[in-house]
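Per our numbering, residue 28 is the first one in the sequence shown, and the count goes up by one each step. Each residue gets a CB set at the ideal place from its N, CA and C atoms; glycine is no exception. Remember, it's a predicted structure, so these values are computed and weren't measured experimentally. Here is the structure we will look at, set down as structure tokens.
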Amino acid sequence: MRYFSVVASATTPGPNPKPDLTNQSRQHLNPRANGVRAALPPFVDWPAFPFEGELRIKALQEPVSVEPPRRGDRQEQCAACHTPDSAYLWTNERWRLKSPPAPSGLPVVVILEPRAHLDLGDLSTMHAAELGVLTVRLERAIRSLESVAQVHVNRWGDGTAHLQQWFLARPQGYLQLRGPFMTMWDEILPPVEEHEWRMNLEYISAWLTDD
Ligand SMILES: [Zn+2]
């Protein structure tokens, strides 16, 4: 998944507080500007951080004056709006639930979308209330799987214009996967067994249908 970088500032279990960068210029992250390499943040030493060895921080690119379009900014080009219900795990009148096309390192990854071409801030009061109810139902369904300890719920607005709310399950007992680095571990760990993945998805779909 490519969404990790935008959540790097979220809270992560670990022994050290986040560095306070509030009064520092971002210029220090550009080594070409001052010839000094930026110090690594404390989280690189946390057990949850998936990498070790010699690390260095990339130079921060200059901000762009105009943000690029997101996928589906023009509805006629929106992939979600052109995908039939048959590609989804579960649907109702206003919502649809899907999974990535193949198993990954986590026991469950599912994505909830409104049927209509709406982003989070576009939701009506009714849609917003339903999103809250569905979020709780899905969290409960996924967490009730024996192989799952916790469920992380995320929405990153950078990639697509059509709202996608992600549900990512942390496998039971794997404390090292706690926190936002789990999205990296999802790509690092070997994929879960295909039959287990399918059973988990069918269980969640049935839960939503029966609830
Ligand atoms: Zn759409």
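- The three-state secondary structure of Phe-70, taken from DSSP, is helix.
- Ile-138: member of the beta strand (DSSP E) spanning 136-141, first to last residue.
- Non-local beta-carbon contacts of Ser-232 in its own chain, meaning distances under 6 Å to residues more than five positions away in sequence, involve Leu-116 and Trp-117 in chain order.
- The continuous beta strand (DSSP E) containing Ala-196 extends over residues 192-198.
- For Ala-114, the Cβ stays outside the 7 Å cut-off from all heavy atoms of ligand 1.
- Per DSSP, the beta-bridge partners of Arg-123 are Thr-118 and Glu-140.
- Thr-236 carries a helical assignment under DSSP once its states are collapsed to helix, strand and coil.
- Here Arg-98 carries a strand assignment [DSSP, helix/strand/coil].
- With fewer than 16 other CB atoms across the displayed protein chains lying within 10 angstroms of its CB, Ala-156 is exposed.
- In terms of side-chain proximity, the C-beta atom of Ala-156 is found no nearer than 7 Å to any non-hydrogen atom of ligand 1.
- His-179 has its CB no nearer than 7 Å to any heavy atom of ligand 1.
- Straight through space, the alpha carbons of Pro-111 and Met-209 are spaced by roughly 30 Å.
- Judged by their CB atoms, Gly-184 and Leu-147 are nearer to each other than the 8 Å cut-off.
- The residue among Glu-220, Pro-217, Asp-213 and Asp-237 with its C-alpha nearest the C-alpha of Val-136 is Asp-213.
- The alpha-carbon of Phe-78 is positioned some 10 Å away from that of Met-211.
- The way I'd put it, the segment 139-153 does touch the segment 181-198; three or more beta-carbon pairs between them come closer than 8 Å.
- For His-179, no alpha helix (DSSP H) segment is defined; the enclosing uninterrupted segment is the beta strand (DSSP E) at 175-181.
- In summary, Glu-120 is exposed, with fewer than 16 beta-carbon neighbours lying within 10 Å of its beta-carbon over all protein chains present.
- Checking the DSSP bridge columns, you'll see Thr-187 partnered with Arg-98.
- In this structure, DSSP gives Arg-164 a helical state, which the three-state scheme calls helix.
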